[in-house]
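Enquirer: Quick note on this note's numbering: the sequence shown kicks off at 1017 and runs consecutively.
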Amino acid sequence: MINTNEILKKYDLKLTKTLGQNFLTDINIIKKIVDAGEVNQEDLVLEIGPGIGAMTVELAKRAGKVVAVEIDKHLIPALEENLAHLDNVNLVHGDIMKVDIHALIGDWAGPKKVISNLPYYITTPIVMMLLEGDINWDTLVFMVQKEVALRMAATPGSKDYSALSVAVRYYSEPKMAFTVSKNCFIPKPDVDSAVVRLKKRELDFVQDIPKEFFFQVVRASFGQRRKTLLNALGLQPWLNGGKERLKEILNKLGIKETVRAEELSLETFAALCRELA
Ligand code: SAM
1017 MINTNEILKK
1027 YDLKLTKTLG
1037 QNFLTDINII
1047 KKIVDAGEVN
1057 QEDLVLEIGP
1067 GIGAMTVELA
1077 KRAGKVVAVE
1087 IDKHLIPALE
1097 ENLAHLDNVN
1107 LVHGDIMKVD
1117 IHALIGDWAG
1127 PKKVISNLPY
1137 YITTPIVMML
1147 LEGDINWDTL
1157 VFMVQKEVAL
1167 RMAATPGSKD
1177 YSALSVAVRY
1187 YSEPKMAFTV
1197 SKNCFIPKPD
1207 VDSAVVRLKK
1217 RELDFVQDIP
1227 KEFFFQVVRA
1237 SFGQRRKTLL
1247 NALGLQPWLN
1257 GGKERLKEIL
1267 NKLGIKETVR
1277 AEELSLETFA
1287 ALCRELA
């Protein structure tokens, strides 16, 4: 296991909060994250933000290939040293939101996975970019703020169910894996963390609805959480027929008029969109 304090001292590294630099120091947690991805020799794994490479080393032991993308140039010399003995790691200096992921993956024929202790300042944009993009990921394992993991894996009716939960479920089957104490990081983050696993899949029952319209409806419905659907979605200027028509549709679908977005499953959102279209 890489000794984080030793490496930070040797390379005189100052970790920055703005890049979400909280490094994992517990090898058991690192192994559990890799286990959650069920990584094997057939897999190519994309790691976002390898830091100084503690998890990269474990990934490389089990995966066929690892592509590790790190934005902070100050970490590259330490990474190069820590990964020098591994011949299946492609270390890339760049911003995950800007690099050409297709080019980095090339023509890898086996399963493609993402496993990352994500920088928390940019969690949702990274997760949505990966889910919405056209790369056929098999599994995505993310360590994120516990609160975000709960929202990603939430089911309808729970207090954490949100537009993010619907978006994650649109593209994948999410599962909360385990929580991680603040004490497993250097420096200690302000918030608790959790690992969530997303199994990519396609849903049949949303294929006939234009994606943009589906998410326009979802976002508007959750826009003002304390409002009923009738008041949140029904008052949108772009909604054909407005509140009155929405009331008729709810009645037709057998949904009570006082319903709130957090009670609606993906299937119900799809049925609603079909009626509204
Ligand atoms: N993987 C390491 C670990 O678990 O110890 C470090 C994880 S740390 C939470 C997040 C890492 O992501 C940092 O190394 C940070 O520099 C890097 N990072 C932040 N923004 C990034 C971006 N846009 N693209 C690539 N890496 C980024």
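Don't be surprised by glycine CBs; every beta carbon is placed ideally from N, CA and C.
According to DSSP, is Thr1195 part of a helix, a strand, or is it coil?
Expert: It is a strand residue.
Enquirer: Does the distance from the CB of Phe1039 to the CB of Val1182 come in under 9 Å?
Expert: Contact: no.
Enquirer: Taking only the alpha-carbon atoms, compute the straight-line gap between Val1085 and Met1017 and give it to the nearest angstrom.
Expert: About 20 Å.
Enquirer: Could you spell out where the alpha helix (DSSP H) holding Ile1023 opens and where it closes?
Expert: It spans Thr1020 to Lys1026 - the alpha helix (DSSP H) in which Ile1023 sits, taken as one unbroken run.
Enquirer: Three Cβ pairs or more, each shorter than 8 Å: is that satisfied between the region 1020-1036 and the region 1044-1057?
Expert: No: fewer than three Cβ pairs fall under 8 Å.
Enquirer: Say yes only if the C-beta of Gly1239 is nearer than 8 Å to one or more non-hydrogen atoms of ligand 1, and no if none qualify.
Expert: No, Cβ of Gly1239 sits at least 8 Å from all heavy atoms of ligand 1.
Enquirer: Taking the alpha carbon of Thr1195 as the reference point, which residue from Arg1185, Ala1169, Ser1174 and Leu1024 has its own alpha carbon closest?
Expert: Considering only alpha carbons, the answer is Ala1169.
Enquirer: Does the distance from the C-beta atom of Leu1102 to that of Val1073 stay below 9 Å?
Expert: Against a cut-off of 9 Å, the Cβ pair of Val1073 and Leu1102 comes out as a contact.
Enquirer: Can you list the beta strand (DSSP E) stretches of 3 or more residues lying completely in the region 1156-1206, in chain order?
Expert: As far as the region 1156-1206 is concerned, its whole beta strand (DSSP E) runs of at least 3 residues are 1188-1196.
Enquirer: Is it the case that the CB of Ala1070 approaches a heavy atom of ligand 1 more closely than 8 Å?
Expert: Ala1070: yes, Cβ under 8 Å from ligand 1.
Enquirer: With three or more beta-carbon pairs closer than 8 Å as the criterion, would you say the region 1114-1121 touches the region 1057-1068?
Expert: Yes, the region 1114-1121 touches the region 1057-1068.
Enquirer: Around the C-beta of Met1145, are 16 or more other C-beta atoms found within 10 angstroms, so that it is buried, or is it exposed?
Expert: Its Cβ having fewer than 16 others within 10 Å, Met1145 is exposed.
Enquirer: Which whole-angstrom value is the C-beta distance of Lys1191 and Asp1154, which I expect to be below 8 Å?
Expert: So it is not a contact: roughly 14 Å between Cβ atoms.
Enquirer: Would DSSP call Ile1112 helix, strand or coil?
Expert: Ile1112: coil per DSSP, three-state reduction.
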